[in-house]
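A quick write-up on the structure given underneath.
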Amino acid sequence: VNFTTNVHRVVARRDRRNLVAMARRYDSRTTIFSPEGRLYQVEYAMEAIGHAGACVGVLAQDGIVLAAEKKITSKLLDTSTREKMYRIDDHVACAVAGITSDANILIDKTREMAQRYMLVYQEPIPVEQLVQGVCDRKQGYTQFGGLRPFGVSFLFAGWDRHYGLQLYQSDPSGNYGGWKATAIGANHQAATSMLKQEYVPDCNLVDATALALKVLSKSMDSTTLSAEKLEMSQIMLGADGDIVYKILTDDEVNKLLQDSGQAAGQQEEG
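Here it is as structure tokens:
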């Protein structure tokens, strides 16, 4: 009996070692599906984005607001630098969560794509076509050997004459979708749940901005909000019909925090 039991234990240990070895085999390849139908490297890229600063996008009737948490890694860091908000063209902007260097590569490609379209057709590129182009590139990095997925997610905000104001989210797999309100980065699930409860479809830009701040205040790791820890931008239609892209200054962000009751002193009193 003891001999049989020992044999079973040896076989069980060997099987476990084989399973671990097989898992590692699928784990180290971006182009091979596991027996469960998963691409582990793509999932790991999404997991990396989950540790990045939170980003929130809210679509309103008269504009779109993008708000992002800025990670301050050192007191010596110049907090006036922008690392979460990027302008792609006159009618499109984006917020990023993940590896900033990866984001810079893709943003350069999207800017080049937008300018090539303008050169050929003499009109701005449709927002969804631009998003689809960058997502095709991201998808290619999950299908060819020797490459790793881009470790970054985007929130694209823009306007075109075909569909008006639009908000898109994309992830490292190359998937994208249109949203009324969404979140990426750290605690994005809690932020998305809050947006489901609080979002009103016919809200204006002022209400959308207040909602974005409220969601960030609940999902950020920091206990207090300040302009040094936030980046905010808005894209809207001007009075003359032109697209206006605006990055809010620290004074404007602080005023919004005061008006919404999310400033540091007000939070402590609450």
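Numbered according to this note's numbering, the sequence shown spans residues 573 to 842.
Note that CB positions come from ideal geometry on N, CA and C, so glycine has one too.
What you are looking at is a predicted structure, and each value in this text was computed from that prediction instead of being measured.
For residue i, write down the residues that DSSP places opposite it in a beta bridge.
| i | result |
| --- | --- |
| Ala665 | Arg659 and Ala729 |
| Ala639 | Val628 and Met804 |
| Ser673 | For Ser673, which the question treats as bridged, DSSP gives no partner whatsoever. |
| Ile756 | Cys627 |
| Val724 | Gly670 |
| Leu809 | Ile815 |
| Gly736 | Asp732 |
What are the start and end residues of the alpha helix (DSSP H) that includes residue i?
| i | result |
| --- | --- |
| Glu824 | Asp822 to Ser832 |
Can you look up residue i in the DSSP assignment and give me helix, strand or coil?
| i | result |
| --- | --- |
| Gly842 | Note that Gly842 scores a pLDDT of 49, beneath 50, so its modelled location is shaky; the value from the coordinates is reported in the next line. Coil. |
| Glu695 | coil |
| Met792 | coil |
| Leu678 | helix |
| Gln761 | helix |
| Gln711 | helix |
| Leu767 | helix |
| Val573 | With a pLDDT of 46 at Val573, under the threshold of 50, the modelled position of this residue cannot be trusted, and the question is left open. |
| Ala620 | helix |
| Ala686 | helix |
| Thr781 | helix |
| Leu719 | coil |
| Val703 | helix |
| Gly741 | The amino acid at residue 741 is misidentified as Gly; the sequence shows Gln. In the structure shown, Gln741 sits in a strand (DSSP, three-state: E or B). |
| Val614 | helix |
| Ala799 | helix |
| Arg654 | coil |
| Lys786 | helix |
How far does the beta strand (DSSP E) with residue i in it reach, from first residue to last?
| i | result |
| --- | --- |
| Val816 | Ile815 to Ile819 |
| Tyr748 | Tyr748 to Gly750 |
Can you tell me which of the options puts its alpha carbon nearest to the alpha carbon of residue i?
| i | options | result |
| --- | --- | --- |
| Asp662 | Glu641, Pro698, Tyr748 and Ile756 | Pro698 |
| Arg683 | Tyr771, Ser805, Tyr658 and Ser745 | Tyr658 |
| Thr764 | Cys775, Asp779, Asn776 and Gln741 | Gln741 |
| Tyr817 | Asp831, Ala617 and Val637 | Val637 |
| Gly712 | Leu727, Gly736, Asp732 and Gly746 | Gly746 |
| Gln738 | Lys827, Val724, Ala665 and Ala675 | Ala665 |
| Glu770 | Ile660, Asp732, Lys752 and Tyr735 | Lys752 |
| Gly833 | Val668, Lys801, Gly718 and Thr796 | Thr796 |
| Ala626 | Asp634, Ala617 and Lys643 | Lys643 |
| Asp774 | Ser805, Glu615, Thr603 and Asp634 | Asp634 |
| Lys681 | Ala624, Ile660, Phe728 and Thr672 | Ile660 |
| Asn676 | Leu702, Phe726, Glu695 and Ala755 | Phe726 |
| Glu700 | Gly750, Ala667 and Asn826 | Gly750 |
| Thr672 | Lys827, Ala620, Tyr748 and Leu767 | Ala620 |
| Lys827 | Ser805, Asp743, Ala799 and Ala784 | Ala799 |
| Gly730 | Ala686, Ala758, Pro744 and Pro721 | Ala686 |
If you measure from the CB of residue i, is any heavy atom of the ligand NAP nearer than 7 Å?
| i | result |
| --- | --- |
| Lys681 | Here there are no bound small molecules, and the ligand NAP is not part of this structure. |
Are the region 776 to 792 and the region 809 to 816 touching, with three or more C-beta to C-beta distances below 8 Å?
no
With a threshold of 8 Å, are at least 3 pairs of Cβ atoms found where one atom belongs to the region 773 to 782 and the other to the region 699 to 710?
no
Between the region 607 to 615 and the region 725 to 737, do three or more beta carbon pairs fall short of 8 Å?
no
Please determine if the region 622 to 630 and the region 684 to 697 are in contact, where contact requires at least 3 C-beta pairs separated by less than 8 Å.
no
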